[in-house]
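All the letters of the sequence shown, read from the start, carry residue numbers 444 to 851 under my numbering.
All C-beta atoms, glycine included, are put in the ideal place defined by N, C-alpha and C.
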Amino acid sequence: MTTPCPESKLAATRIKVGRSLAADRKAPRGPGRGVACDVSYTLAFPTASVATIVMLPTEPVGSIPRPAALIAGVQDFRAGRISQLELSALYDSAVRDTIQRLEATGSPVITDGEQAKHSFATYSIYGLDNLSPDGVPIAFADGHIRHFPRLTSGPFRYKTPADVYLAIAQRYAHVPLKQAVVSASALSLLYPQGGIRGYSREEYLDALIAEQEGEIRRCLSMGAHVVQMDFTEGRLSIKLDPSRRLLQSFIDLNNLVLERFSTEERKRIGVHTCPGADRHSTHSADVDYAELLPSLFELQATSFCVQLASEPDRKRVLRMIRDHARDGQRIFVGVIDPLDPRVETPEEVRDRILEAVDYIPPDRLGTTDDCGFAPFSDDTSRTRETAFDKIRARVAGTALASRVLGLE
Ligand SMILES: [Zn+2]
444 MTTPCPESKL
454 AATRIKVGRS
464 LAADRKAPRG
474 PGRGVACDVS
484 YTLAFPTASV
494 ATIVMLPTEP
504 VGSIPRPAAL
514 IAGVQDFRAG
524 RISQLELSAL
534 YDSAVRDTIQ
544 RLEATGSPVI
554 TDGEQAKHSF
564 ATYSIYGLDN
574 LSPDGVPIAF
584 ADGHIRHFPR
594 LTSGPFRYKT
604 PADVYLAIAQ
614 RYAHVPLKQA
624 VVSASALSLL
634 YPQGGIRGYS
644 REEYLDALIA
654 EQEGEIRRCL
664 SMGAHVVQMD
674 FTEGRLSIKL
684 DPSRRLLQSF
694 IDLNNLVLER
704 FSTEERKRIG
714 VHTCPGADRH
724 STHSADVDYA
734 ELLPSLFELQ
744 ATSFCVQLAS
754 EPDRKRVLRM
764 IRDHARDGQR
774 IFVGVIDPLD
784 PRVETPEEVR
794 DRILEAVDYI
804 PPDRLGTTDD
814 CGFAPFSDDT
824 SRTRETAFDK
834 IRARVAGTAL
844 ASRVLGLE
């Protein structure tokens, strides 16, 4: 196994400016593959000079649209037309291609694009026998609905925890890998309101917390750069319960997981918040961020990937982040809107970062995308090409801002 990245390396990636990426990136494959810390990048810049600068941290949220061949393969497998072995080969090929293309964007931290996940929320439970498809409905603003599954009996165990996906990605990655996990609070929604005979809610939550602790702990010990807890239901909860009691119960439950980790371990644990992103829509963008943000930073995590680019009043949100984020927490602000089909320019990204610096000092700032590009595996509303173009713009814009800020 590998040594976790020291904090100084987590905080900053050195990049050289002025030469081409392909010519200079030399992260070797080997025993530390996928978890290398000392990654040097060279990005193409409109300048003749070559200078080394320290770049603000930048990382994706998680998902990338699946290739058409994989989406068709999943349907073929369900219809009995191809074997598990053939489906696995399609997953493998999609992960390999996604990682290659993410690395080519220059992003110093990548994911596996969640190619093999059924969805960001259900990857660990998909295929369990004790689930029924008619659980809590999640309504999106454009009228479509995703249904959460419902637990029908105990005991509860994950079927495919996130470390299984991480192990596959590590075969192909040359740069640090981030691993997203679904929050315990999202999976708490599996347990039906009416209860389950012979399997109490308390027994279920105990099992859930233990499963998630194990999942995160294994990802950390395997060398994940950071483990990100996806907390999209945080904002949604205020819609379901305006009293915010549900939100507080979500925060408390997730903290029960987070508190099982040491301060040192929690430096590599993050949280992602967003109003959802599926097809062309969100589930809770109409919920005022002011209802969520003060509670969000109660979570005992170190990094926060916060949707921001698509907010109508970013400065108001930045003020709230400034007022409520705690010492030692690093805020990765969303500078790319995955739901917007237009690819942002590096200059736009730069300006969004410089706007954020008025509220968050550079040593506590990073950049990210507002959300994944296809949190649900069957979502084809964005193309892979657009996702990679947008990520390339994030990386280039982050480098531009880093230069303006003089992070040398
Ligand atoms: Zn999201």
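TODO: Report the three-state DSSP secondary structure of G771 (helix, strand or coil).
DONE: coil
TODO: May I ask whether a heavy atom of ligand 1 can be found less than 7 Å away from the beta carbon of A817?
DONE: no
Task: Length of the line joining the Cα atoms of S664 and R711 - done: The straight-line gap from Cα to Cα measures roughly 11 Å.
TODO: For my contact list, S724 and D585 are in at a C-beta cut-off of 8 Å; report their separation, rounded to the angstrom.
DONE: 4 Å
TODO: Go ahead and label H668 buried or exposed: buried means 16 or more other beta carbons lie within 10 angstroms of its beta carbon, across all protein chains shown.
DONE: buried
Open item on the list: On a Cα-Cα basis, can you pick out the residue from C717, I639, E798, L739 that is closest to L696?
Closed with: L739
TODO: For Q622, count neighbouring C-beta atoms within 10 Å of its own C-beta (all shown protein chains included) and say buried if the count is 16 or more, exposed if not.
DONE: buried
Open item on the list: Which residue wins for smallest C-alpha separation from D783, given the options E754, R765, I764, I796?
Closed with: E754
Task: Y601 (DSSP reduced to helix, strand or coil) - done: coil
Open item on the list: Taking 7 Å as the cut-off, is the beta-carbon of T675 closer than that to any non-hydrogen atom of ligand 1?
Closed with: yes
- [ ] Please report how far the alpha carbon of R472 lies from the alpha carbon of Y615, in whole angstroms.
- [x] Summary for R472: the model assigns pLDDT 37, below 50, so the residue's position carries little reliability; its value from the coordinates is reported in the next sentence. Roughly 9 Å separates the two Cα atoms.
TODO: Report yes if the C-beta of V624 is less than 7 Å from at least one heavy atom of ligand 1; otherwise report no.
DONE: no
Task: Assigned secondary structure, A564 (DSSP; H/G/I helix, E/B strand, else coil) - done: coil
Open item on the list: Give me, in chain order, the residues of the same chain whose beta-carbon lies closer than 7 Å to that of A465; leave out the 5 immediate sequence neighbours on both sides.
Closed with: The pLDDT assigned to A465 is 33, lower than 50, so where the model puts this residue is not dependable, and the model offers no usable value.
Task: Bounding residues of the beta strand (DSSP E) (the contiguous stretch that carries Q527) - done: Careful: Q527 lies outside any beta strand (DSSP E), inside the alpha helix (DSSP H) at 527-547.
Task: Cutoff 6 Å; reference V714; Cβ partners in own chain excluding five residues on either side - done: Here V714 has M672, F674, L742, A744, F747 as same chain residues with Cβ atoms under 6 Å from its own Cβ, once five neighbours each way along the sequence are excluded.
TODO: Measure the C-alpha to C-alpha separation of T516 and F563 and round it to an integer number of angstroms.
DONE: Looking at the sequence shown, residue 516 is not Thr but Gly. If I take the Cα positions, the gap works out to 19 Å.
TODO: Please report the Cβ distance between T716 and Q750, rounded to the nearest whole angstrom; I am assuming they are in contact, meaning their Cβ atoms lie under 8 Å.
DONE: 6 Å
Task: Given 8 Å, three or more beta-carbon pairs between the region 791-811 and the region 512-529 - done: no
- [ ] Give me the Cβ distance between T501 and G809, rounded to the nearest whole Å; I'm assuming they're in contact under 8 Å.
- [x] 6 Å
TODO: Give a yes or no on whether the C-beta atoms belonging to Y601 and A559 are separated by under 8 Å.
DONE: no
Open item on the list: Under DSSP, the beta strand (DSSP E) around A582 begins and ends at which residues?
Closed with: 580-582
TODO: Confirm the yes/no value for this check: CB of H617, any heavy atom of ligand 1, distance under 7 Å.
DONE: no
Task: Near ligand 1: A720 beta-carbon under 7 Å from a heavy atom - done: yes
TODO: Please report how far the alpha carbon of H590 lies from the alpha carbon of G637, in whole angstroms.
DONE: 17 Å
- [ ] Could you check the C-alpha separation between G523 and L513 for me, to the nearest Å?
- [x] 15 Å
Task: Separation of G666 from E721, as counted between CA atoms - done: Reading off the sequence, residue 721 comes out as Asp, not Glu. Going by the C-alpha atoms only, they are around 30 Å apart.
Task: Per-residue DSSP class, three states only, for V497 - done: strand
Open item on the list: Using a 10 Å radius around the Cβ and a threshold of 16 neighbouring Cβ atoms, would you call F488 buried or exposed?
Closed with: Low confidence applies to F488: its pLDDT is 38, below 50, so where it sits in the model is not reliable, and the reading given next is rough at best. F488 is buried by the Cβ-count criterion.
- [ ] Please work out which residues of its chain come closer than 6 Å, Cβ to Cβ, to I764, disregarding the five sequence neighbours upstream and downstream, and give them in chain order.
- [x] I774
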